[in-house]
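Visitor:
Numbering (my numbering), first residue to last: 149 to 713.
#1: For residue 165, count neighbouring C-beta atoms within 10 Å of its own C-beta (all shown protein chains included) and say buried if the count is 16 or more, exposed if not.
#2: Can you find the residues in the same chain that come closer than 7 Å, C-beta to C-beta, to residue 370, ignoring five residues on each side of it along the sequence?
#3: Reducing DSSP to helix, strand and coil, say where residue 445 ends up.
#4: Could you tell me which residues DSSP puts in a beta bridge with residue 323?
#5: In whole angstroms, give me the CA-to-CA distance for residue 433 and residue 459.
#6: So the beta strand (DSSP E) residue 262 belongs to, where does it begin and stop?
#7: In angstroms with no decimal places, state the Cα-to-Cα distance between residue 614 and residue 701.
#8: What's the C-alpha gap between residue 611 and residue 586?
#9: Take residue 363 and list the residues in its own chain whose beta-carbon comes closer than 6 Å to its own, dropping the five residues that flank it on each side.
#10: With a cut-off of 8 Å on the beta carbons, I'd call residue 255 and residue 180 a contact; round off their distance for me.
#11: Are the Cβ atoms of residue 524 and residue 470 separated by less than 8 Å?
#12: What is the DSSP secondary structure of residue 236, counted as helix, strand or coil?
#13: Are residue 321 and residue 282 closer than 8 Å when you measure CB to CB?
#14: State the CB to CB distance for the pair residue 177 and residue 250, rounded to an integer number of angstroms; the pair is presumed to be in contact (CB under 8 Å).
#15: With the cut-off set at 8 Å, would you say residue 277 and residue 464 are in Cβ contact?
#16: Within a Cβ cutoff of 8 Å, which residues of the same chain sit near residue 662, ignoring the five residues on either side of it in sequence?
#17: Exposed or buried, what is residue 386 when buried is set at 16 or more other beta-carbons lying within 10 Å of its beta-carbon?
#18: For residue 174, name the three-state secondary structure that DSSP assigns.
#19: By DSSP's criteria, residue 535 is part of a beta bridge. Which residues make up the other side?
#20: Just to confirm my understanding: we take residue 151, look at its own chain, exclude 5 residues before and 5 after, and list those with CB closer than 8 Å. What are they?
#21: Mind checking which residues open and close the alpha helix (DSSP H) that includes residue 690?
#22: Can you check which of these residues, 350, 686, 359, is closest to residue 578 by C-alpha distance?
#23: Taking all protein chains shown into account, decide if residue 455 is buried (16 or more other Cβ within 10 angstroms of its Cβ) or exposed.
#24: Sorted by chain position, which residues of the same chain lie with C-beta nearer than 7 Å to residue 220's C-beta, five sequence neighbours on each side aside?
#25: Is it buried or exposed for residue 311, if we count other Cβ within 10 angstroms and need 16 for buried?
#26: Need the endpoints of the beta strand (DSSP E) that residue 522 sits in, please.
#27: Does the beta-carbon of residue 160 have 16 or more other beta-carbons within 10 angstroms, so that it is buried, or is it exposed?
#28: According to DSSP, which residues form a beta bridge with residue 371?
#29: Could you work out which residue in 550, 289, 327 is closest to residue 313 when comparing CA atoms only?
#30: By DSSP, does residue 586 sit in helix, in strand, or in coil?
#31: If I measure Cβ to Cβ from residue 247 and keep anything under 6 Å in the same chain, skipping five residues before and after, which residues do I get?
#32: Report the residue from 286, 639, 530, 706 whose alpha carbon sits nearest the alpha carbon of residue 606.
#33: Answer with buried or exposed for residue 273, where buried requires no fewer than 16 other C-beta atoms within 10 angstroms of its C-beta.
#34: Kindly list the residues whose CB is nearer than 7 Å to the CB of residue 572, restricted to its own chain and excluding five residues on each side of it in sequence; keep chain order.
#35: For a quick check, are the C-beta atoms of residue 478 and residue 554 less than 8 Å apart?
#36: Tell me whether residue 184 is buried or exposed, calling it buried when 16 or more other Cβ atoms sit within 10 Å of its Cβ.
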């Protein structure tokens with residue numbers, strides 16, 4: 149065979165072999181990168197394609213082919229949009245290659261209202277505290293027999309007795325003009341720490357002297373009475389104590405007048421119905437449910453034995469209407485002592501979205517009814533009782549707790565309850581320190597506000613400072629601004645919370661350092677109606693507890709407001 153014929157035959161064979169191979173199918177979608185959540189103001193134009201690109205493994209750069217859709221619908225021109233209304237929008241990016249493979253990516257466009265100039269809404273002055281109508285009486289008929297001093301010391305009203313004679317009324321902490329309503333059922337609560345244990349008396353209206361035991365350390369004395377006039381004389385008779393120092397943090401007066409009526413609106417539900425009762429546990433526990441009750445058997449808890457580590461949820465399937473008053477009550481029984489547990493009243497999965505009952509306890513074998521009155525300002529769906537039983541007094545025994553007789557009642561009638569709190573901190577500013585886990589004082593010094601924590605708890609609310617009951621108006625955006633420093637680096641959680649319930653409208657982490665900083669945090673949307681709020685700084689945490697105390701110094705606290713255009 150000739151060489152030319154062989155070469156032609158070989159080329160032909162290779163050509164046939166090549167034609168027999170199948171081209172690989174393109175099944176890989178293009179990849180879109182650079183997509184991030186973005187924000188802008190109303191009537192501001194924003195380029196949604198900025199920094200975004202698309203690449204395909206076969207077709208190469210497909211950036212110019214990206215299509216953008218926005219829901220709720222906005223007109224997109226060359227990747228740019230100009231929102232006319234505030235709110236959150238879903239942005240979808242899509243691109244296809246020649247083989248029909250589609251790549252997608254999603255982001256959120258947050259549009260804030262167009263705002264007027266920022267103006268000062270409220271500025272807090274860190275002036276020295278006043279004692280109001282409270283004072284201390286030292287009997288001085290016989291000179292040198294009873295001696296002492298009183299006044300505000302680091303945010304507490306301090307009574308220091310250096311000489312006593314054992315006569316109860318010879319030393320008194322008193323208020324002769326306590327505002328009351330004639331005929332009102334009242335409760336007065338004195339919270340204080342004492343340097344000594346002993347006995348004191350509570351006097352109301354010159355009579356009704358009731359004796360109470362107190363301990364060295366934290367005390368809370370609660371005394372009930374019926375008011376006879378618009379002004380009532382009340383006092384603590386302290387002369388029975390040995391030489392002492394008493395630091396009074398607050399006095400709280402609750403008055404109830406009128407009559408309530410109750411209409412049972414509890415739905416017909418059974419505790420063993422699927423979806424009504426279930427548990428979530430860090431430790432080991434089981435649930436035994438019947439038609440009329442459910443029992444949780446807690447064997448162990450996880451972590452640090454906190455109340456939240458074993459939970460029981462009861463969902464009766466009832467919705468609360470806005471601005472209507474309800475009484476929610478439930479029975480709980482414990483096999484062994486349960487010195488700590490909580491009941492969070494949620495709307496659906498929104499923890500504490502309606503109310504919360506803290507600091508509850510039961511003795512071994514005790515059955516007790518727990519109740520609260522709520523009046524939500526907005527409708528609340530799917531009332532849920534979240535029982536936090538995780539704290540075990542005896543880890544070796546565990547515990548068995550039974551929940552029954554859950555009742556929801558509409559409250560009518562004309563009965564009202566009013567609470568007045570007398571504190572010795574700057575006006576509108578208060579602090580709470582859990583008696584078992586924390587300690588601290590709030591006071592002013594040289595025009596500055598000082599929160600001195602001598603002991604920090606492990607849970608956020610164990611140490612908290614708050615600005616109480618601020619009225620914020622509708623149709624405004626608010627900025628909370630403050631200048632502060634600490635004696636050591638420390639972090640806390642800050643909230644702008646609806647007063648009287650757990651419904652934060654602003655939350656942030658604040659990192660204090662030894663250098664003074666200005667912190668500013670703003671709400672993202674305007675309120676539909678005027679509402680009352682509180683600002684909270686919560687310092688309790690595992691990390692902060694190891695600091696062995698901290699001192700926070702505020703030199704300025706201002707609320708700014710901007711009208712929504």
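Ideal placement from N, C-alpha and C gives every residue a C-beta, glycine not left out. Model, not experiment: these values are computed from the prediction.
Guide: A quick look at the data gives this:
#1: Low confidence applies to residue 165: its pLDDT is 45, below 50, so where it sits in the model is not reliable enough to give any reading.
#2: 335, 337
#3: The three-state reading of DSSP puts residue 445 in strand, counting E and B together.
#4: Per DSSP, 382.
#5: Their backbone Cα atoms lie some 10 Å apart in a straight line.
#6: Run containing residue 262: none; DSSP gives neither H nor E here.
#7: 14 Å
#8: Cα atoms of residue 611 and residue 586: separation of roughly 6 Å, rounded to the nearest angstrom.
#9: 345
#10: So it is not a contact: roughly 10 Å between Cβ atoms.
#11: Contact: yes.
#12: strand
#13: yes
#14: 6 Å
#15: The answer is no: Cβ separation not under 8 Å.
#16: Excluding residues within five positions, the ones whose Cβ falls inside 8 Å are 633, 634, 635, 636, 637.
#17: Buried.
#18: coil
#19: 460, 491
#20: Confidence is the limiting factor: at residue 151 the pLDDT is only 46, short of 50, which leaves the residue's position unreliable, though a coordinate-based value still follows. Nothing listed; no residue qualifies.
#21: 690 to 693
#22: Considering only alpha carbons, the answer is 686.
#23: buried
#24: 237
#25: exposed
#26: 515 to 522
#27: The pLDDT assigned to residue 160 is 44, lower than 50, so where the model puts this residue is not dependable; a value taken from the coordinates is nonetheless given after this. With fewer than 16 other Cβ atoms within 10 Å, it is exposed.
#28: 336
#29: 289
#30: Residue state, collapsed to three classes: coil.
#31: 174
#32: Nearest option by C-alpha distance: 639.
#33: exposed
#34: 277, 279, 300, 303, 304, 305
#35: yes
#36: exposed
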